[in-house]
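Step one of this worksheet: look at the structure below.
In my numbering, the protein residues as written are 1 to 343.
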């Protein structure tokens with residue numbers, strides 16, 4: 001699509017140049033909600049670097065996000081000599097950002113330096129990244145799953161597929177499988193839930209890779225964890241967010257395990273979430289931390305489980321939202337106001 005889009009720009013530019021010896025240098029987007037966006041054509045390949053400044057819903061990896069364009073854009077025109085300023089890319093160093101270019105979106109935690117870890121990214125052509133995860137090959141378990149929720153990927157077009165399968169990105173000798181769960185007493189607990197990925201059958205199937213699971217007591221999975229997932233889903237509306245950047249995981253460090261299944265999968269002692277919300281270029285964040293027990297909790301007060309992202313980092317040793325500019329990261333991670341989240 002990028003080549004087609006670039007070709008379209010060149011075609012229009014050439015036409016205008018022949019007509020008036022001037023080449024349009026700006027794309028102006030008229031949205032159906034009456035807002036207007038402008039971006040310089042020369043800056044298209046830089047937009048991925050400034051997703052935190054507000055363009056991540058319109059552009060994806062330097063090209064238009066088709067789901068957004070088709071659903072939210074009323075028209076696009078080319079403009080010559082617009083007065084809009086150049087995109088400002090922060091120059092100060094982000095000392096803890098991921099250096100891997102495949103892991104520089106805002107939802108990514110800092111990657112482990114262990115060479116036995118695999119970054120597995122799943123996506124579809126129509127809806128972009130479904131979710132990403134970091135897989136610990138030694139433990140046959142994931143460190144975390146991360147993904148986004150926004151108006152371009154929160155549609156409910158299909159039903160749950162139950163298409164359980166191995167992750168094709170992980171070598172067979174390091175995978176977890178159905179056999180690891182059969183007779184274990186634990187459910188296959190989704191991290192990126194099926195209910196957050198109902199845009200297409202292909203997208204939903206990807207949530208059923210075993211790499212997106214952790215052994216979880218059914219009472220926890222269908223109780224407290226499900227209520228937390230429901231709350232995150234409720235936040236995914238246009239009045240609350242432009243984008244939610246979500247990390248979900250369970251502890252796999254030796255001192256944070258309940259033990260191992262008979263087949264050797266680690267059984268987490270804790271499950272947790274980290275959520276970053278962007279609305280009108282403003283950010284806020286919070287985390288949920290829950291002990292993994294077999295107690296059925298159906299009507300929890302979720303404020304009791306809310307902690308700051310900073311505290312979550314201290315408990316897990318994982319650096320969340322490391323790709324945010326340092327000043328923003330430090331501000332949003334240090335505290336949480338539960339009233340800001342309706343808790």
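A virtual CB, placed ideally from N, CA and C, is assigned to each residue, including glycine. Quick caveat, the model's predicted, so the values are computed rather than measured.
Requested in this report: Under 8 Å by Cβ, that's how I've got residue 158 and residue 200 pegged, so tell me the actual separation to the nearest angstrom.
Outcome: Correct: roughly 6 Å between the Cβ atoms.
Report task. In angstroms with no decimal places, state the Cα-to-Cα distance between residue 287 and residue 171. Result -> A direct Cα-Cα distance of roughly 32 Å separates residue 287 from residue 171.
Query raised in the report: Cβ of residue 102 versus every heavy atom of the ligand ATP: is any distance shorter than 7 Å?
Result: Ligands are entirely absent from the displayed structure, and the ligand ATP is therefore not among its contents.
Query raised in the report: Considering only C-alpha positions, which residue in the set 120, 336 and 301 is nearest to residue 137?
Result: It is 120.
Query - Paired residues, beta bridge with residue 311 - DSSP - result: BP columns for residue 311 are empty, so no partner.
Report task. Could you check the C-alpha separation between residue 13 and residue 26 for me, to the nearest Å? Result -> Note that residue 13 scores 40 on pLDDT, short of 50, meaning its location in the model is unreliable; the coordinates nonetheless yield the value given after this. Each residue's alpha carbon lies about 10 Å from the other.
Query raised in the report: Any idea if residue 243 is buried or exposed, counting beta-carbon neighbours within 10 angstroms, 16 or more meaning buried?
Result: Flag for residue 243 reads buried.
**Report entry** Close-in-space but distant-in-sequence residues of the same chain around residue 295 (CB under 7 Å, 5 per side omitted)
**Finding:** Here the set comprises 219.
Query raised in the report: Any chance the stretch 179-190 sits against the stretch 210-224, with 3 or more Cβ pairs inside 8 Å?
Result: The way I'd put it, the stretch 179-190 does touch the stretch 210-224; three or more beta-carbon pairs between them come closer than 8 Å.
**Report entry** Closest by C-alpha distance to residue 206, when choosing among 307, 163, 298 and 177
**Finding:** The shortest CA-to-CA distance from residue 206 to any of 307, 163, 298 and 177 is the one to 163.
Query raised in the report: Counting pairs of beta carbons, one from the stretch 220-232 and one from the stretch 271-287, are three or more of them closer than 8 Å?
Result: Yes, they touch.
Requested in this report: Please list, in chain order, all residues of the same chain as residue 144 whose beta carbon is under 8 Å from its beta carbon, the five residues on each side excluded.
Outcome: The beta carbon of residue 144 sits closer than 8 Å to those of 109, 133, 134, 191, 247, 248, 249 and 318, all from its chain and outside the five residues before and after it, given in chain order.
**Report entry** Own chain, CB closer than 6 Å to residue 263, minus 5 neighbours either side, in chain order
**Finding:** Apart from sequence neighbours up to five positions away, the residues of its chain that approach residue 263 with a beta-carbon distance below 6 Å are 180, ordered along the chain.
Query raised in the report: So the alpha helix (DSSP H) residue 234 belongs to, where does it begin and stop?
Result: Element bounds for residue 234: 224-235.
Query - Which of helix, strand or coil DSSP assigns to residue 110 - result: Three-state result, residue 110: coil.
Report task. Work out the CA separation of residue 223 and residue 333 for me, nearest whole Å. Result -> Take the alpha-carbon of residue 333 and the one of residue 223: they are about 27 Å apart.
Query - Per-residue DSSP class, three states only, for residue 197 - result: Here residue 197 carries a coil assignment [DSSP, helix/strand/coil].
Query raised in the report: Could you give the residue range of the alpha helix (DSSP H) that holds residue 219?
Result: It spans 218-221 - the alpha helix (DSSP H) in which residue 219 sits, taken as one unbroken run.
**Report entry** 6 Å Cβ shell around residue 203 - same chain, five flanking residues per side excluded
**Finding:** Taken in chain order, the residues that qualify are 124, 127, 130 and 197.
Query raised in the report: Hey, which unbroken runs of the beta strand (DSSP E) at 3 residues or more fall wholly within the stretch 125-168?
Result: Within the stretch 125-168, the complete beta strand (DSSP E) runs of at least 3 residues are 128-136 and 141-150.
Report task. To the nearest angstrom, report how far apart residue 100 and residue 322 are at their CA atoms. Result -> Rounded to whole angstroms, residue 100 to residue 322 spans 12 Å at the Cα level.
Query raised in the report: Of the choices 324, 115 and 266, whose alpha-carbon is the least far from that of residue 254?
Result: For the residues 324, 115 and 266, the minimum Cα distance to residue 254 belongs to 266.
Query - residue 102 versus residue 152 - alpha carbon distance - result: Put simply, the backbone Cα of residue 102 is about 20 Å away from that of residue 152.
Report task. For residue 20, I'd like the list of residues in its chain whose CB is within less than 7 Å of its CB, leaving aside the five on either flank, ordered along the chain. Result -> Bear in mind that the predicted position of residue 20 carries a pLDDT of just 43, short of 50, making it unreliable; the figure below should be weighed with that in mind. Once the five neighbours on either side are set aside, residue 20 has no close Cβ partner at all.
Query raised in the report: Which word fits residue 173, buried or exposed, when buried means at least 16 other C-beta atoms lie within 10 angstroms of its C-beta?
Result: The Cβ neighbour count for residue 173, taken over all protein chains shown within 10 Å, is under 16; the residue is labelled exposed.
**Report entry** Check whether residue 285 and residue 343 have beta carbons under 8 Å apart
**Finding:** In this structure, residue 285 keeps its C-beta atom at 8 Å or more from the C-beta atom of residue 343.
Requested in this report: Output the distance between the C-alpha atoms of residue 315 and residue 104, rounded to the nearest integer angstrom.
Outcome: In this structure, the alpha-carbon of residue 315 lies about 23 Å from that of residue 104.
Query raised in the report: In three-state DSSP terms, what is residue 63?
Result: Residue placement at residue 63 cannot be trusted, given a pLDDT of 49 that sits under 50; the coordinates are not used to answer.
Query - Nearest candidate by alpha-carbon position, reference residue 245, set 117, 309, 335 and 225 - result: The shortest C-alpha separation from residue 245 is found at 309.
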